[in-house]
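What follows is a short report on a single structure.
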Amino acid sequence: MNQSRMNQNHCCFRVGRGVCAHRLSRVAAALCVVLAGGQPLAAQTTQSHSVHPQTTRTHVHDPGSPRLAQPQSEEIPVDTHAKDSTAVLGFTMPTIDGKSEPLEKYAGKVVLMVNVASKCGLTPQYEALEKVYENYKDKGFVVLGFPANNFGGQEPGTDKQIKAFCTGTYDVSFPMFSKISVLGKDQHPLYKKLAKAMHEQGGDPTWNFTKYLIDRTGHVVARFDPRTTPDDPKLLEAIEKLLAVQSAGEDSDADQKSHEQHAHAPAHDGRAAHQREMED
């Protein structure tokens, strides 16, 4: 009798355990469906190895997505002086009016490159930049302005807005270029080269209105911090020294030409005098 009840209880336990196991398996299966996004796990696993149409869109140009389209539409800047680590006029840059302009056109001039901003505490430096440009431009000096929004988000406007501001507020007439990045992962190659060449003088721009001075041969030779104003005596002295280098060369060329002209003049005058004597 006791043995029969024990067998019966053992059977009930096995059946109960089987039912529990079955129920657990059903619960587990249901969880798999939920975690798989409403699909059986096996189907989800199979589908994960297939190419989803939406996945392929991230690898092609999508005109409807500005974030994806922008890198595709941008051209990689080419440096025609890449082999020269301090020559910085090898790039072609978009002007603030949207035209492409090779910086090589400024070869032979002394150039001051400045990353500018419209909403910075140093923005009034525009006035001094324009004044220095006006004072020295006839001697072969030029300021090149590069708007950048890297510091404090202080240049948020479009190129059109930036141009309207700097010309309307400060009567800027020196060349201005399209907004670029002068720092970080998307730093323009021009500023990468400026920073690398001037690493011993501070390298990268530290704020708006960092200044890089380029000689007449197109090589960057000096860097000035943002708080160094354009009319600071040290900066003006550096500009004047660079302007004087070729001015002295031009004077020498002029003297040489004058000397050559005088060298031929006596012979000509002598022949003329001799001719007059013969006529007399």
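The sequence shown: position 95 = 84 (our numbering), numbered continuously.
By construction, the Cβ of each residue, glycine as well, lies at the ideal position given by its N, Cα and C atoms.
Annotation for E189: no beta strand (DSSP E) segment contains it, and DSSP assigns it neither H nor E. In this structure, I85 keeps its C-beta atom at 8 Å or more from the C-beta atom of I169.
Nearest C-alpha to I203 among Y95, P83, H70: Y95. Here I65 is exposed, its C-beta having fewer than 16 other C-beta atoms within 10 Å.
Straight-line measurement puts the Cα of H208 at about 18 Å from the Cα of H177. For K200, the uninterrupted beta strand (DSSP E) run begins and ends at 200 to 203, by DSSP. A direct Cα-to-Cα measurement between P145 and A227 gives close to 32 Å. Closest in alpha carbon position to G134, among Q143, V161, C109, is V161.
Using a Cβ distance threshold of 8 Å, L118 and V103 count as a contacting pair. In the DSSP secondary-structure assignment, T84 is bridged to F166.
Bridge partners of N104 according to DSSP: F135. For M82, the closest of K174, M165, C109, K98 by C-alpha to C-alpha distance is M165.
Per DSSP, A71 is not a residue of any alpha helix (DSSP H), being assigned neither H nor E.
The beta-bridge partner set that DSSP reports for A211 consists of L202. In terms of Cβ geometry, R212 and K200 form a close pair [threshold 8 Å]. By the beta-carbon neighbour count (other beta carbons within 10 angstroms, threshold 16), V132 is buried. CA-CA distance, V100 to G173, rounds to 24 Å. Residue range 114 to 125 is occupied by the alpha helix (DSSP H) that includes E116. Annotated three-state conformation of F140 is coil, per DSSP. In this structure, K98 sits near R205, with a CB-CB distance shorter than 8 Å. Assignment of P91 by DSSP, reduced to helix, strand and coil, places it in the strand class.
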